[in-house]
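Residue numbers (the numbering used here), protein chains in the order written: chain A, 3 to 353; chain B, 46 to 360; chain C, 4 to 52; chain D, 34 to 314.
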Amino acid sequence: MKIVQINKENWTDGLKKLSEIYRLFGPVKEDDFHNFKELEQGQLPDLNCLNTRLSPKSIIYPQSEVMFEYTLDENQKDHHILKEVKKDYSPQAVIGIRPCDAKAFALVRLNFDTPEHQDPYWLKAYEATTLVGLACESPCSSCFCTTAGCGPYHEEELDLLLIDSGDQYWAKIITDKGKVFLKAAGWTQTVDEKTALKEIKAKKQAAEDKICSTVNTDKLREIETNELYNAPFWEEVSFSCINCGTCTYVCPTCWCFDIQDENLGSSGCRMRNWDSCMYPLFTAHGSGHNPRDTKLHRVRQRFMHKLKYYVDKYDTGIQCVGCGRCVRLCPVNIDIRRVCELMNSHAVMTD
Amino acid sequence: MLSYIDKIKEISIRLLKECRVEMVIGFRKGTVPMMNEPHFAKSPEDVENFVWDSNCGINLCNYFTNRGEKIGILAKGCDSRNIVTHIIENKIKRDQLVIIGVPCKGMIDKRKISAMFEGEIGEVIENENNITVKGDGFEKNLNKKDVLQQNCAICIHRNPVIHDELVGELVEEQIDVDRYEDVREIEALPPQEKATYFEKLLEPCIRCYACRNACPLCYCPTCFTDESRPQWVGKGQDPTDVSTFHFLRAYHCAGRCTDCGACERSCPVGINMRVFTKKLEKDCLELFEWEAGLDPDVRPPLDTYRPGDPDEFIK
Amino acid sequence: MGIEPDRLQFSWVSSAEATKFVQVATEVTLAIKDLGPNKNLVKTMPKVA
Amino acid sequence: MQNPYMPYPVRIDNITVETEDKNLKTFRFVFLNPEDEEKFNYHSGQFAELSVTGKGEIPIGIASSPTEKGFVTFTVNKVGLVSSYLHAMEEGDIMGVRGPLGNWYPWEQMEGKNVVIIGGGFAFTTLRSSIVYMLDPANRSKFKDIHVIYGARTPGMLLYWDELIEWEKRDDINMHITVDGTDDPNWKYNTGFVPTMAEQKAPPGGEDTYAVVCGPPIMIKFTQPVLDKLDYSHDRIIMSLENRMKCGIGMCGRCNIGKEFVCKDGPVFTLAELNRTPREY
């Protein structure tokens, strides 16, 4: 069994059963736009949303997260010693995640799960999560997933892929986690797989054909780092940047963080918060020296990281899934597609 | 307003050719609908990329801060008042700038327009008074007046208050505008409801600081939010820290904000943080008869003392 | 900001005006006791998710 | 899954003021749980995050040598929030040490070779660790000639004074202590900047000689041409970098120079490696 049919009339009922086992997350519209939220009892994910304003990365990697607790009260035996906090890593599922946002977890995983060190917070949350993807039928004009190693029907990192087919969803099973999820929902109706696969293939092609935006990345690996670093276009590229963190915070593949101690009276916690390479303080030394002290440095860092350093370090392509959020939300319209083109063609020029 | 572009290019080329400036700061066409990108021209050839339409809402004063060269800068009414504020605060010298004044009829509200349509907007075509919004399966004409940014709809200084060049005829100023309807509504709320209102307003904030960084007046080398010694504000998503950031930022703009709307326009999650700066603007007007950025030779209320300053709050 | 007006009070008290200081301090204390503890903009320990 | 962010609890065992301006103090830590000392198995050149509970962490090079048992030491310059607080702490106070982190000087490669240590100011900490390590009776025979060129602004700003003098007296290490200037008429050692001293005292480069350089940017800038002149190849010039760090394990994203993380792929790089990467340090 590879594909299961979910009749939409059974949707609500299945979700109800699931909510007894999983914490469910899905796109919810609040005011003018959608975001992923934990679904309340009986609340349905809005699968008509184009994509959410913010990426679902915060479900696995919250913007603020407590790492340790401690007491500063010297009358306590364990004062000044950090203690692990008890976290809820019970099963959770993200329903309606787009293939691009799911693939992003694969890119981020390379950072948090390394041979030398494993980030326990990210990994435990990741392992507790079932990703139920929703194939993208109407990609946005600023989506460029197909040339960013992804696509509207891309299956990487997903446990299930839902395909909307009128009165029903087809659920393509990708992992065992996905199988367990379907079973818990009571969605088990089999289909004539041959016919379904044929239709899915056609729909996939149609969706991919709708992607009108592309990037070229073929030359990024071969060009010398310093060649690209010293390229003349960075002044022009970075001019309009206001050094806010929007691009990095809305990005599903940005992972940088800061660690802070917060005290309240004699107790406190060590927590981590998202941070951004766009902020000057990100790299400022205690002495005042800052290796990336101009916005040119910082803008260059962001693009070099995504499109060159990452490419070189892991050899799995660019650190971008083409979701287009940074393109749509940058307050001054700095467009990664344009910068990628500049970088890639600079490589051609210096061949 | 669309016709300004020829004049903008002509002036920019002239200024660059005559070496009166080393760069002109303007806009180039954006890559997504209803967006333009701040851009500079250092040679007459670069000027070719300049555009002007109703998507030039970013305040360009942000881009001359801490630059040393002589700069030509495009300035709408609100931007020109911002320049005046910078001059008053010794942040820039008047003679470092050649101000290219742009009489403005308002910028269109990207957020509002996007929210009017279910699907994605593919293209927005603009003429003098209308825009045509096109998308997958829809096309609609809208009167620009109905879809202006809120700060533009209630603007009473559309013409530059200070300029060396002008790109077109001055436009008629709006009169009888009620600038503070929304502020009064909030003022009337009892304290607890007010607190709840602000909490709800700021709930979506992701602390990306786009509002702060889009604001030309937020030029502090290290913002109080980023200070570590002492650390005034926590760095996490605690609602108290988030609102402390927004409240204090607004206070820092008291008597300085020219309501250019760049903060609101920049916010990726659609927070109307202008209610804070507008409240302070209203107070400055009512208590000190002060409107920011109108005259480089008048000191602002927060650095002058007059015997008649209101002091009823002191018991 | 949602802070009750009585919670924040201003007064001029010269160092020579001990009586006035006592009076102001008493009045402010009473006013604030009436209001009860402040609930707005009070930070709590971050939640462990 | 072991939590790489969890520091080992330690007690401050001893605090020594190192310099006349009192801005540098050496902290000797003893692990609260003796078994943690074994887990904290390090090499000279590595660093650790000093965790001051309630304030935060700072990355500091390990100043003690793996040959010294029962404690670890760190010399800390007072600059920011955490280091200032640390400077106000007292012997007996409890805090944390997380590590060891990063790579180390290429000890295996340097075996059988001459080692020239060039250090300036307070960047001498991991170099001290290295010297103690090499001079350990079990290790000294593994290396050929050892030269140390170490300078500070004034005699009072030199770290580890007593040890420097002891090393001066030994014949298995060539010490060249220098200061930028001094009005002390009894100053017995060199006067002059580190690069100048290196030019005069360092042996010529070659297959058999490694230079380990650690110091302020200005010293590094002027030392490099000297080493070029002395024919040191860039893959035999070893440098240790500093950048702002938080996680120390290559995850938080801020300390990179090009694709390398200073915290994880470094802090030790050869000059040849650094030449290939953006100089964002």
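Backbone N, C-alpha and C define an ideal beta-carbon position, used for all residues, glycine too.
Where residue i sits in the DSSP three-state scheme
i, result
"B/E168", "strand"
"D/L192", "coil"
"A/K126", "helix"
"A/N346", "helix"
"A/D90", "coil"
"D/K221", "coil"
"D/I45", "strand"
"A/N53", "coil"
"A/P29", "strand"
"B/Q282", "coil"
Test: residue i CB closer than 8 Å to a CB of chain A
i, result
"C/P40", "no"
"C/V51", "yes"
"B/E93", "no"
"B/H291", "no"
"D/V112", "yes"
"C/K46", "yes"
Min CB distance residue i to chain B below 8 Å
i, result
"A/I244", "yes"
"C/Q12", "yes"
"C/I6", "yes"
"A/G153", "no"
Cβ neighbours of residue i in the same chain (closer than 6 Å, five flanking residues each side left out)
i, result
"A/L164", "L136, Y171, A173"
"A/Y24", "P93, Q94, A95"
"B/K155", "M79"
"D/F186", "It is Arg, not Phe, that sits at residue 186 of chain D in the sequence shown. Within the same chain, D/R186 has close Cβ partners D213."
"A/K203", "none"
Buried versus exposed call for residue i [16 or more other C-beta atoms within 10 Å across all chains shown]
i, result
"D/I198", "exposed"
"A/Q207", "exposed"
"A/C253", "buried"
"C/L33", "exposed"
"B/K21", "Because residue 21 of chain B is not part of the residues shown, which for chain B are 46 to 360, the question remains open."
"D/P237", "exposed"
"A/Q321", "buried"
"D/P188", "buried"
"B/Y296", "exposed"
"D/L160", "buried"
"B/N107", "buried"
"D/G283", "buried"
C-beta neighbour in chain C for residue i, strict 8 Å
i, result
"A/V87", "yes"
"A/L84", "no"
"B/I359", "yes"
"A/S66", "yes"
"B/D340", "no"
7 Å Cβ shell around residue i - same chain, five flanking residues per side excluded
i, result
"B/P89", "I58, L61, K62"
"A/A233", "H348"
"A/F259", "R274, N275, W276, D277"
"D/S97", "F104, V105, T106, S162"
"A/D337", "V329"
"B/K190", "none"
Cβ distance (whole Å) where residue i is taken to contact residue j below 8 Å
i, j, result
"B/R126", "B/G300", "So it is not a contact: roughly 12 Å between Cβ atoms."
"D/T211", "D/N223", "4 Å"
"B/V77", "A/V301", "Actually they do not touch by this definition, with Cβ atoms about 18 Å apart."
"B/E210", "B/V143", "7 Å"
"A/T132", "A/G180", "7 Å"
"D/L191", "D/T108", "Contact flag wrong, Cβ pair sits at about 12 Å."
"D/R131", "D/G281", "7 Å"
"A/C279", "A/T250", "7 Å"
Close-in-space but distant-in-sequence residues of the same chain around residue i (CB under 8 Å, 5 per side omitted)
i, result
"A/V87", "V68, M69, F70, E71, C271"
"D/R309", "G291"
"D/T158", "I93, G94, I95, A96, F107, T108, L192"
Closer than 8 Å to chain D by CB, residue i
i, result
"A/M69", "yes"
"A/N346", "no"
Residue i Cβ short of 7 Å to the ligand FAD heavy atom set
i, result
"A/E76", "The ligand FAD is not among the ligands present in this structure, which contains no ligands whatsoever."
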